[in-house]
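So the structure is just underneath, and the comments pick up after that.
There are 2 protein chains.
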Amino acid sequence: MPTIKDVALKAGVSATTVSRVLNNRGYLSEALKQRVYSAMEELNYRPNELARSLSRSRSNIIGLIIPLVSLPFFSVLTSYIEQHAYLNGYKLLLCNSQQDKIKELEYIDMLRSSRVDGIIMGSHTLEVEAYRQMNLPLVTFDRQISPGIPYVCSDNYTGGQLATTLLIEKGCRKLAHIGGHPELNLLSNLRYKAFVETARQAGIWHTSLHTDNNSFDVLAYERLLEQLFREHPGIDGIFAGSDLIAAYALKACRESGRRVPADVRIVGYDGTALCSLNHPSITTIRQPMEDMGRLAVELILKQVEGMSVPSANILPVKLQEGSTT
Amino acid sequence: MPTIKDVALKAGVSATTVSRVLNNRGYLSEALKQRVYSAMEELNYRPNELARSLSRSRSNIIGLIIPLVSLPFFSVLTSYIEQHAYLNGYKLLLCNSQQDKIKELEYIDMLRSSRVDGIIMGSHTLEVEAYRQMNLPLVTFDRQISPGIPYVCSDNYTGGQLATTLLIEKGCRKLAHIGGHPELNLLSNLRYKAFVETARQAGIWHTSLHTDNNSFDVLAYERLLEQLFREHPGIDGIFAGSDLIAAYALKACRESGRRVPADVRIVGYDGTALCSLNHPSITTIRQPMEDMGRLAVELILKQVEGMSVPSANILPVKLQEGSTT
DNA sequence: TTGTATGCGTTATCAA
DNA sequence: TTGATAACGCATACAA
Numbered sequence: 001m002p003t004i005k006d007v008a009l010k011a012g013v014s015a016t017t018v019s020r021v022l023n024n025r026g027y028l029s030e031a032l033k034q035r036v037y038s039a040m041e042e043l044n045y046r047p048n049e050l051a052r053s054l055s056r057s058r059s060n061i062i063g064l065i066i067p068l069v070s071l072p073f074f075s076v077l078t079s080y081i082e083q084h085a086y087l088n089g090y091k092l093l094l095c096n097s098q099q100d101k102i103k104e105l106e107y108i109d110m111l112r113s114s115r116v117d118g119i120i121m122g123s124h125t126l127e128v129e130a131y132r133q134m135n136l137p138l139v140t141f142d143r144q145i146s147p148g149i150p151y152v153c154s155d156n157y158t159g160g161q162l163a164t165t166l167l168i169e170k171g172c173r174k175l176a177h178i179g180g181h182p183e184l185n186l187l188s189n190l191r192y193k194a195f196v197e198t199a200r201q202a203g204i205w206h207t208s209l210h211t212d213n214n215s216f217d218v219l220a221y222e223r224l225l226e227q228l229f230r231e232h233p234g235i236d237g238i239f240a241g242s243d244l245i246a247a248y249a250l251k252a253c254r255e256s257g258r259r260v261p262a263d264v265r266i267v268g269y270d271g272t273a274l275c276s277l278n279h280p281s282i283t284t285i286r287q288p289m290e291d292m293g294r295l296a297v298e299l300i301l302k303q304v305e306g307m308s309v310p311s312a313n314i315l316p317v318k319l320q321e322g323s324t325t
Numbered sequence: 001m002p003t004i005k006d007v008a009l010k011a012g013v014s015a016t017t018v019s020r021v022l023n024n025r026g027y028l029s030e031a032l033k034q035r036v037y038s039a040m041e042e043l044n045y046r047p048n049e050l051a052r053s054l055s056r057s058r059s060n061i062i063g064l065i066i067p068l069v070s071l072p073f074f075s076v077l078t079s080y081i082e083q084h085a086y087l088n089g090y091k092l093l094l095c096n097s098q099q100d101k102i103k104e105l106e107y108i109d110m111l112r113s114s115r116v117d118g119i120i121m122g123s124h125t126l127e128v129e130a131y132r133q134m135n136l137p138l139v140t141f142d143r144q145i146s147p148g149i150p151y152v153c154s155d156n157y158t159g160g161q162l163a164t165t166l167l168i169e170k171g172c173r174k175l176a177h178i179g180g181h182p183e184l185n186l187l188s189n190l191r192y193k194a195f196v197e198t199a200r201q202a203g204i205w206h207t208s209l210h211t212d213n214n215s216f217d218v219l220a221y222e223r224l225l226e227q228l229f230r231e232h233p234g235i236d237g238i239f240a241g242s243d244l245i246a247a248y249a250l251k252a253c254r255e256s257g258r259r260v261p262a263d264v265r266i267v268g269y270d271g272t273a274l275c276s277l278n279h280p281s282i283t284t285i286r287q288p289m290e291d292m293g294r295l296a297v298e299l300i301l302k303q304v305e306g307m308s309v310p311s312a313n314i315l316p317v318k319l320q321e322g323s324t325t
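Taken in sequence, the protein lines are chains A and B.
So for the first sequence, the UniProt record's numbering puts the first residue at 1; every next one is plus one.
So for the second sequence, the UniProt record's numbering puts the first residue at 1; every next one is plus one.
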């Protein structure tokens with residue numbers, strides 16, 4: 001691969017000048033610029049980002065740690081994060097923790113070694129200490145791991161309220177919530193909290209089921225739903241922790257001969273494409289995923305530039321009515 | 001951040017020795033090793049991968065170019081690729097081309113500049129020239145862009161045969177295929193080819209609809225299905241180009257009052273989680289996605305190490321019967 | 001407006 | 001067995 005020296009030689013200038021042209025710094029005559037550009041062209045020259053990063057001590061790479069890209073919510077989020085990183089000239093290093101603490105810790109090390117400029121983390125393991133220690137721009141999703149560290153999330157409590165209120169208004173009298181493990185100190189637990197409080201205030205019977213581990217185990221959802229209908233056959237309203245769970249709820253209703261929304265009404269959370277893929281389409285609480293992705297990137301960039309950023313970044317949700325309510 | 005020199009100073013050795021310990025090269029006494037290790041520990045030292053990469057001219061990064069991570073197939077594939085890259089000590093740079101030629105070309109440049117060790121590309125734009133030119137380990141998915149460049153794909157033709165044969169065996173007499181744009185020189189077009197040839201040989205009426213652009217536009221699928229049922233109301237068997245399309249087909253059947261599988265039978269392709277999420281669960285042609293991801297990574301690594309690799313890497317598919325047939 | 005010298009953090013080539 | 005020195009490719013302070 002040709003280096004800046006090769007270009008300099010061919011253009012008949014010094015390496016410094018080529019560097020200047022490359023970075024558009026200082027005063028350069030148009031003629032000289034052209035000469036350098038065509039030399040680059042001829043040699044098919046590409047600046048070595050490794051060397052640039054090393055020299056500038058800035059890599060223009062953002063590390064993204066998530067539990068599982070293959071989950072609808074995270075794949076969409078990843079897509080938006082990539083999009084906005086790209087728009088800002090940043091590259092994205094993808095770290096799929098797979099809910100594995102060891103892997104996550106190793107990835108944190110890898111990212112530090114790779115001198116990424118910042119880390120966006122949407123992973124849900126309990127290893128928060130490792131994040132606190134590293135002195136790097138950081139943004140988290142749905143998780144407040146330390147007072148100073150900025151987080152992005154949707155308005156989980158309002159979302160929970162909207163969903164529960166809708167179910168009650170539609171006439172549901174036996175409500176169920178199905179979600180992930182509540183002991184994790186996630187902000188999404190506020191959805192559950194809102195569910196409980198809203199139902200209680202309205203004097204509506206309600207129950208709740210959660211996966212007992214920290215995995216997004218699909219089979220766990222199926223088991224949970226089976227258990228729900230077995231223990232409480234009269235359930236007529238379900239608030240699911242995600243669209244994915246909602247889709248499983250819909251499936252479980254069908255399999256047990258329950259009509260949706262006649263017998264059971266269902267509300268999901270997220271607003272992924274899963275909702276409109278189903279028939280009836282799933283009513284959900286839509287998170288502004290693109291805004292969340294964009295904001296996460298922006299918060300990193302601002303920190304990189306030494307600016308201070310707000311800690312709480314709570315974005316509004318919107319009830320998106322489908323046909324399951 | 002502490003450097004190798006800081007560690008050397010603290011351990012009372014030279015930087016070279018620290019480097020040796022780091023890379024476990026040469027003869028080192030256990031005592032010395034320990035001294036260096038604890039110095040690293042104390043300083044919370046992390047080797048600078050940028051400098052290492054520059055020095056070794058090897059980045060241990062693989063670039064992944066795909067059209068859209070948020071699509072089920074690609075998010076699962078990405079997940080497996082990440083997994084196996086990680087297992088081999090490689091990092092993954094995620095490039096979402098979004099079917100945008102400009103963006104894809106810019107990403108190719110970025111990856112070259114970043115000195116990635118290889119590129120896995122599952123993108124579907126037509127810019128193959130750019131890939132041919134760059135002299136880098138490359139592996140493609142479902143696309144043969146040049147005789148010498150290795151590609152990974154499932155056995156598309158057999159998959160198309162299996163699907164079509166199943167529909168016919170189940171009694172379907174008016175078949176439809178719905179897929180992406182066939183002008184793209186994709187290997188997945190073999191599914192379509194198999195569909196046509198199998199139906200023709202069996203003397204079964206068949207038609208086919210394709211999106212006219214290169215996008216994975218969800219609305220396009222809905223329009224296509226609407227058109228299909230309008231023009232050919234008697235369709236009783238659909239072979240979809242992906243599970244996603246199959247899911248839309250299922251939805252379209254429901255919305256138009258068609259029973260599945262009684263009135264219309266559906267077969268998808270891929271074997272993503274979408275299949276089991278639906279009710280009835282979707283019959284599909286399962287691609288060995290993990291194998292494909294693992295193989296793509298392996299083919300890159302082998303090329304990095306100067307080994308020659310086979311050009312055609314066609315993996316077997318499997319009919320996975322759900323309840324839509 | 002352009003060039004020289006030095007540093008970024010690491011590895012590799014010598015020599016001791 | 002260890003260390004000094006020169007690359008790796010680029011950016012920047014300083015000189016001219």
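Ideal placement from N, C-alpha and C gives every residue a C-beta, glycine not left out.
Remember, it's a predicted structure, so these values are computed and weren't measured experimentally.
Simplified DSSP state of residue i, which is helix, strand or coil
i	result
serine 59 of chain A	coil
aspartate 270 of chain B	strand
asparagine 88 of chain B	coil
alanine 176 of chain A	strand
arginine 132 of chain B	helix
arginine 143 of chain A	strand
alanine 312 of chain B	strand
asparagine 24 of chain B	coil
serine 208 of chain A	strand
glycine 159 of chain A	helix
isoleucine 245 of chain B	helix
lysine 170 of chain A	coil
serine 154 of chain A	strand
isoleucine 149 of chain A	coil
isoleucine 4 of chain B	helix
Beta-carbon proximity list for residue i, same chain, < 6 Å, skipping 5 on both sides
i	result
arginine 258 of chain A	Val264
threonine 78 of chain B	Val69
isoleucine 108 of chain A	Ala130
threonine 125 of chain A	Lys101 and Glu104
threonine 283 of chain A	Val267, Glu321, Gly322, Thr324 and Thr325
alanine 163 of chain B	Phe239, Val267 and Ile285
Chain-order list of residues whose beta-carbon lies under 8 Å from that of residue i (same chain, five-residue window excluded)
i	result
arginine 116 of chain B	Inspection of the sequence shows that residue 116 of chain B is occupied by valine rather than by arginine. Cβ neighbours of valine 116 of chain B beyond the five flanking positions: Ser59, Ile61, Ile62, Gly63, Leu93 and Leu136.
glycine 148 of chain B	Ser311
valine 21 of chain B	Leu28, Leu32, Lys33, Val36 and Tyr37
Residue from the options with nearest C-alpha to residue i
i	options	result
phenylalanine 141 of chain B	B:Glu127, B:Leu186 and B:Tyr107	B:Leu186
leucine 224 of chain A	A:Val196, A:Ile204 and A:Cys253	A:Cys253
arginine 173 of chain A	A:Tyr45, A:His206 and A:Gln201	A:His206
arginine 200 of chain B	B:Ala176, B:Glu30, B:Ser97 and B:Val267	B:Ala176
isoleucine 168 of chain B	B:Gly148, B:Gly203, B:Gln144 and B:Ala247	B:Gly203
alanine 157 of chain A	A:Gly241, A:Val76, A:His181 and A:Asp236	The question names alanine, but residue 157 of chain A in the sequence shown is tyrosine. Checked all of A:Gly241, A:Val76, A:His181 and A:Asp236; the closest Cα to tyrosine 157 of chain A is A:Gly241.
residue 326 of chain A	A:Ala246, A:Val139, A:Ser14 and A:Glu231	In the structure as shown, chain A begins at 1 and stops at 325. Residue 326 of chain A is therefore absent and cannot be evaluated.
leucine 277 of chain B	B:Asp217, B:Ala247 and B:Met40	B:Ala247
alanine 312 of chain A	A:Lys5, A:Asp155, A:His232 and A:Gly179	A:Asp155
histidine 210 of chain B	B:Ile235, B:Glu197 and B:Phe239	B:Phe239
serine 146 of chain A	A:Gln161, A:Glu127 and A:Thr164	A:Glu127
Test item: CB-CB of residue i and residue j under 8 Å
i	j	result
valine 152 of chain A	leucine 32 of chain A	no
residue 332 of chain B	methionine 134 of chain B	Not covered by the structure: residue 332 of chain B. The range shown for chain B is 1 to 325.
proline 150 of chain B	threonine 272 of chain B	no
glutamine 83 of chain B	glycine 293 of chain B	yes
glycine 89 of chain B	isoleucine 300 of chain B	no
aspartate 212 of chain A	histidine 181 of chain A	yes
valine 7 of chain A	tyrosine 45 of chain A	yes
Close beta carbons around residue i, own chain, < 7 Å, minus the five adjacent residues each side
i	result
glutamate 42 of chain A	Lys10
arginine 35 of chain A	Ala11
valine 76 of chain B	Thr272 and Met289
valine 260 of chain B	Leu250, Cys253, Ile266, Pro280 and Thr324
Beta-carbon separation (whole angstroms), residue i vs residue j, contact threshold 8 Å
i	j	result
leucine 219 of chain B	aspartate 243 of chain B	At roughly 18 Å, the Cβ-Cβ gap does not stay under 8 Å, so leucine 219 of chain B and aspartate 243 of chain B are not in contact.
glycine 159 of chain A	arginine 132 of chain A	No, glycine 159 of chain A and arginine 132 of chain A are not in contact; Cβ-Cβ is about 28 Å, not under 8 Å.
valine 297 of chain A	alanine 85 of chain A	5 Å
leucine 319 of chain B	proline 288 of chain B	No, leucine 319 of chain B and proline 288 of chain B are not in contact; Cβ-Cβ is about 13 Å, not under 8 Å.
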